[in-house]
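Novice: Handing you a structure now.
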Amino acid sequence: MFGLFKKKKTPPTFAPLYTDMHCHLLPLVDDGSKSLEESLDVMEVMKEVGFEEIRLTPHYQYPRFPNKEDDIEERYKNFCEEVERNKGERSLPLLKGVTGEYRIDDGFHEHIERGRLLTYRFADPKRGSAKGLLLMELSLHQPVMGFEEVIFERQMEGYDIILAHPERYPYFNVHSDRLEQMKEQGVYFQANILSLDGFYGEEARKKAFDYIENGWIEFLGTDMHNVMYAQALRHAAGNRKIQQLLEKEEFENKNLVSKD
Ligand SMILES: [Fe+2]
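Numbering (the working numbering), first residue to last: 270 to 529.
In structure tokens form, the structure reads like this:
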């Protein structure tokens, strides 16, 4: 057991969000959790900071994580059974489905051709497009040529798009015209909770608060990968500025459901 899991009272700061919709806790499919035990440890912290439900979002990223949807769904089913068998006396959030974090890269077209992208839906059936909400990310280093077109084409096909962590792309500035244009085109944005606590550096922290201030951020995600992230999530839960933000702002996390 990790030292960070020793008893210490952590405030349930993220209870108003209810659901986390971005985390990498399906073991051994990407750069997230490396074992069932690690996933359980992280989930325990997520419950402690206020999350009642979590939705898993493994990376689909070429060539690093060439995951396929059918395989991910099968692994998710097995993971749920293993969690159920091993949870013991632990207090854990409920597992509420698996979708994915799709990177716009050279392999993305294969997912489109297979025609089985894993998406969320809004709980309210009157909201959202026919094919659901697709969580997408961009390169963390440089803008991929034509990424706006890839996003807008998906919208034309009937998907809603959630852009993951816009504050983490160093090539967008605080007042980015390209991000503003995406908002005008109806793209949803999801900021990382750990960005707000400075986990990815001061620039990402500032951008995350500024984008929320702009009214650009509909969702907050933990982007949990492992126990080191869980330790950072606990730290974020104690951040007064984040606590005040959660008391004041409404986010859409609890309005999502998984497709099936
Ligand atoms: Fe992620």
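Heads up, the beta-carbon is just placed ideally off N, CA and C, and yes, glycines get one too. Just so it is clear, the structure is predicted and the values come from calculations on it, not from any experiment.
Would you be able to state if there are at least three C-beta pairs under 8 Å between the stretch 318–332 and the stretch 277–294?
Specialist: yes
Novice: Is there at least one non-hydrogen atom of ligand 1 closer than 6 Å to the beta-carbon of Glu370?
Specialist: Taking non-hydrogen atoms of ligand 1 into account, the C-beta of Glu370 is found less than 6 Å away from one of them.
Novice: Any idea if Ala284 is buried or exposed, counting beta-carbon neighbours within 10 angstroms, 16 or more meaning buried?
Specialist: Flag for Ala284 reads exposed.
Novice: Quick check: what's the CA-CA separation for Glu449 versus Ile462?
Specialist: 21 Å
Novice: Classify Gln513 as buried or exposed, calling it buried when 16 or more other Cβ atoms lie within 10 Å of its own Cβ.
Specialist: exposed
Novice: Under 7 Å Cβ to Cβ from Lys316, same chain only, skipping five residues before and after it: list those, please.
Specialist: Ser360, Leu361 and Pro362
Novice: Can you tell me whether DSSP reads Ala433 as helix, strand or coil?
Specialist: strand
Novice: Note the first and the last residue of the continuous alpha helix (DSSP H) segment covering Tyr498.
Specialist: Val496 to Ala506
Novice: Determine, using beta carbons only, whether Leu463 comes closer than 7 Å to chain C.
Specialist: The chain labelled as chain C is not found in the depicted structure, where only one protein chain is given.
Novice: Does DSSP put Arg447 in a helix, in a strand, or in coil?
Specialist: helix
Novice: Among the residues of its own chain, which have a CB less than 8 Å from the CB of Pro296, if the five just before and after it don't count?
Specialist: Ser302, Lys303, Ser304, Leu305, Glu307, Ser308 and Phe348
Novice: For a test of the three-state rule: what should DSSP assign to Gln411, helix, strand or coil?
Specialist: coil
Novice: Taking 8 Å as the cut-off, does the stretch 456–475 touch the stretch 484–492 (at least 3 CB pairs, one atom from each stretch)?
Specialist: yes
Novice: Is Asp289 near ligand 1, judged by its Cβ being under 6 Å from some heavy atom?
Specialist: no
Novice: Quick check: Leu407 and Ile373, are their CB atoms within less than 7 Å of each other?
Specialist: For the 7 Å CB-CB criterion, Leu407 and Ile373 form a contact.
Novice: Mapping DSSP to helix, strand and coil, what is Val526?
Specialist: strand
Novice: Return helix, strand or coil for Lys395, following the three-state DSSP convention.
Specialist: In the structure shown, Lys395 adopts coil according to DSSP, grouped into three states.
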